Structure formats: C-alpha cells, structure tokens
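Per this note's numbering, the very first residue in the sequence shown carries number 1; after that it's consecutive.
Everything below concerns the one structure shown next.
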Amino acid sequence: MGGAGGAAWPSRSGAVEVCVRSLTINNTTFESYVQDGCGRCEHYKTPACKVHRWTDVLHALRAVVRTTALVEEMKWGAPCYTVDGKNVVMVAALKEHCVLSFPQGAALVGDDGLLQRPGPNSRFARAAYFTEASQVVRHEATLRRLLQQTIDRARSGEKVDVAPAAEPMPAELQLLLDARPALRRAFDALTPGRRRSHILHVGGAKQPVTRSRRAERCAEDIVAGRGVNER
Numbered sequence: 001m002g003g004a005g006g007a008a009w010p011s012r013s014g015a016v017e018v019c020v021r022s023l024t025i026n027n028t029t030f031e032s033y034v035q036d037g038c039g040r041c042e043h044y045k046t047p048a049c050k051v052h053r054w055t056d057v058l059h060a061l062r063a064v065v066r067t068t069a070l071v072e073e074m075k076w077g078a079p080c081y082t083v084d085g086k087n088v089v090m091v092a093a094l095k096e097h098c099v100l101s102f103p104q105g106a107a108l109v110g111d112d113g114l115l116q117r118p119g120p121n122s123r124f125a126r127a128a129y130f131t132e133a134s135q136v137v138r139h140e141a142t143l144r145r146l147l148q149q150t151i152d153r154a155r156s157g158e159k160v161d162v163a164p165a166a167e168p169m170p171a172e173l174q175l176l177l178d179a180r181p182a183l184r185r186a187f188d189a190l191t192p193g194r195r196r197s198h199i200l201h202v203g204g205a206k207q208p209v210t211r212s213r214r215a216e217r218c219a220e221d222i223v224a225g226r227g228v229n230e231r
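Encoded structure:
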C-alpha cells in the first residue's frame with residue numbers, strides 16, 4: 001500500500017511498513033497494531049496512542065472473527081479480513097470506541113440491533129461499535145452469524161439490494177472511510193459531484209488490489225476538498 005509520494009520498505013521484523021510523507025502507516029501485523037497503533041498520527045508507538053485504550057476489545061473482536069474462514073490482513077493501518085481476495089470486514093480502534101465494519105452490511109439480517117450506519121451518506125455499509133470486551137462476548141453468537149452471512153454473500157457474488165443510487169460505493173473506499181473518521185467527514189462534506197468522481201475512480205478498477213490502491217491515493221484530494229484529477 002502506498003499513497004501519493006509514499007514508499008514501502010521492510011521493517012526490522014521483515015514486515016512491510018509504508019511511509020506516506022512523514023507518517024508511517026503500520027501494515028505489519030495485528031500484534032504490531034495492538035502494540036504500536038496504526039501510524040497515522042504523532043502518537044504512533046507512544047503510550048498516548050488510542051489503540052492502548054481498546055486492547056481487550058480488539059483481541060475479543062479478533063477472537064470472534066478468527067472462528068470463521070476470513071483471512072486476516074493489514075490494510076490502511078488496521079486489521080482487514082478477506083474472503084477469496086475480497087475485503088469484507090474491518091476492525092479498528094477509534095477515539096470513542098472500537099468498530100467492526102461491514103462495507104456490505106445493509107444486506108445482513110438478524111443483527112439484534114448491533115449494526116448502525118457509520119455516516120449519513122452510508123447506503124451499504126454498517127458497523128457495530130464496542131467499548132468493552134464483555135459486550136463482544138455477550139453478542140458473540142450474533143457477530144458470528146453476521147460474519148458467516150458476509151462470507152456466504154461474498155462467495156456467492158450476491159449484491160446488496162437497497163434503494164437504487166447513481167453509483168455504488170466500492171467496498172475498498174468504504175473500508176478506508178470507516179477506518180479514518182476524519183476522512184469520512186471530509187468525504188461527506190464534498191459536493192455530490194466530487195464524491196461521485198472518487199466513487200467512479202475507485203470502482204472503475206477491475207481488481208480489488210487496484211481499487212484499494214486507488215482509494216488510498218484519493219485520500220489527499222478528499223481531505224483537500226477536491227474531486228479526482230482536480231487541482
């Protein structure tokens with residue numbers, strides 16, 4: 001992974017870290033994420049990193065996810081879970097809570113009230129928020145049911161059936177917005193035309209890895225209030 005002006009190199013452990021300007025996005029391992037953070041701010045590898053507040057919750061969420069067939073990866077500085085190469089679930093530590101994100105969560109049923117829209121413009125995405133590991137344990141059966149539905153839908157290729165819109169939000173862009181609340185706010189503040197330009201640009205790629213790369217490269221323009229190729 002690398003945004004505009006970024007570079008990647010192996011860390012001392014041999015894992016890959018990505019530098020975007022002066023920040024080092026931690027795409028190494030879950031253990032490194034829990035120990036050091038995501039690398040998106042000056043609190044990376046310091047006691048002030050917000051990830052330390054949610055260590056127990058992160059481990060509890062991971063334990064539930066790992067009971068399924070989902071494959072754990074690190075993307076955008078947070079744990080991302082895939083099935084057949086598709087990004088379908090993400091775990092992240094935010095300031096006020098931990099989040100388990102489902103970019104196609106609108107299609108899931110039987111959530112027992114756990115899933116919420118992560119933003120006012122969210123059509124497909126849903127997310128579950130936790131502040132204590134005990135909450136994760138209490139809702140484990142529901143979470144496992146939602147995760148299995150997610151896996152089954154990803155493998156079948158079934159699309160989310162919600163009210164039609166001009167363009168569907170690519171899962172890769174949705175996951176990036178879910179992982180970065182400030183970026184989501186910037187995206188929601190864009191004009192409809194500028195939002196659409198990013199959606200079309202990311203969604204126009206055929207391969208998931210290319211869509212992920214495009215989503216990362218859109219971040220700078222989104223924060224600056226620009227559309228794709230707008231200067």
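Built from N, CA and C at the ideal position, the CB exists for glycine as well.
Computed from a prediction, not measured in an experiment: that's the story for all the values here.
Can you grab the Cα-Cα spacing for the pair Val57 / Ala219, in whole Å? Approximately 28 Å between the Cα atoms of the pair.
Can you tell me whether Lys75 is buried or exposed? The criterion is at least 16 other CB atoms within 10 Å of its CB, across all chains shown. Around the beta carbon of Lys75, 16 or more other beta carbons lie within 10 angstroms, which makes this residue buried.
Which partner residues of Phe30 appear in the DSSP bridge assignment? Partner residues in a beta bridge of Phe30, as assigned by DSSP, do not exist.
For Asp178, which residues from the same chain have a beta carbon less than 8 Å from its beta carbon, with the 5 sequence-adjacent residues on both sides left out? Closer than 8 Å at Cβ, skipping near neighbours: Met90, Ala92, Val99, Ser101, Pro103, Pro118, Ala125, Ala127 and Arg184.
Hey, how far is the Cα of Phe30 from the Cα of Lys95? Approximately 18 Å between the Cα atoms of the pair.
Just how far apart, CA to CA, sit Ala154 and Leu173? In this structure, the alpha-carbon of Ala154 lies about 17 Å from that of Leu173.
Cβ of Ala69 within 8 Å of Cβ of Val51? With respect to Val51, Ala69 sits apart: the two C-beta atoms are not nearer than 8 Å.
Candidates Pro208, Gly225, Glu216 and Val88, of which the one nearest Arg195 by Cα: The candidate whose alpha carbon is nearest that of Arg195 is Gly225.
Span separating the alpha-carbon of Arg145 from that of Gly113: Their Cα atoms are separated by approximately 13 Å.
Rounding to the nearest angstrom, what Cα-Cα distance links Ile199 and Pro170 in this structure? Cα to Cα, Ile199 sits roughly 7 Å from Pro170.
Span of the alpha helix (DSSP H) holding Arg196? Boundaries of the alpha helix (DSSP H) harbouring Arg196: Pro192 to Gly203, taken from the DSSP string.
Report, in whole angstroms, the separation of the C-beta atoms of His97 and Thr131, which I expect to be a contact under 8 Å. About 5 Å separates the beta carbons of His97 and Thr131, which is inside the 8 Å limit, making them a contact pair.
With burial defined as no fewer than 16 other Cβ atoms inside 10 Å of the residue's Cβ, what is the status of Ser134: buried or exposed? Looking at its Cβ environment, which holds fewer than 16 other Cβ atoms inside 10 Å, Ser134 is exposed.
Taking just the CA atoms, how far does Pro181 sit from Arg40? Arg40 and Pro181 have their C-alpha atoms roughly 12 Å apart.
What are the boundary residues of the beta strand (DSSP E) that Arg126 is part of? Residues Arg126 to Phe130.
Enumerate, from N- to C-terminal direction, the unbroken beta strand (DSSP E) stretches of 3 or more residues contained entirely within the region 63-143. Runs of the beta strand (DSSP E) inside the region 63-143: 71-75, 78-83, 86-93, 98-102 and 126-130.
Alpha carbon to alpha carbon, what distance is there between Cys80 and Ala60? Taking the straight line from one Cα to the other gives about 15 Å.
Is it buried or exposed, Thr241, if we count other Cβ atoms within 10 angstroms and call 16 or more buried? In the structure as shown, the chain begins at 1 and stops at 231. Residue 241 is therefore absent and cannot be evaluated.
Looking at Gly105 and the ligand SAH, is the gap between the Cβ and the nearest heavy atom below 7 Å? In the structure on display, the ligand SAH does not appear, and there are no ligands present to speak of.
Range covered by the alpha helix (DSSP H) that runs through Arg231: Counting along the chain, Arg231 falls outside any alpha helix (DSSP H), and DSSP gives it neither H nor E.
Measuring alpha carbon to alpha carbon, tell me which of Tyr44, Ala78, Lys86 and Cys49 ends up nearest Glu158. Closest option to Glu158, judged by alpha-carbon separation, among Tyr44, Ala78, Lys86 and Cys49: Lys86.
Would Ala205 and Leu176 be called neighbours here (beta carbons separated by less than 8 Å)? Here Ala205 is not near Leu176, since their CB atoms are 8 Å or more apart.
Ends of the alpha helix (DSSP H) at Val223? From DSSP, the alpha helix (DSSP H) with Val223 extends over Pro208 to Val223.
On the CB-based measure, 16 or more other CB atoms within 10 Å of its CB, does Arg211 come out buried or exposed? Classification of Arg211: buried, given that the 10 Å Cβ count is 16 or more.
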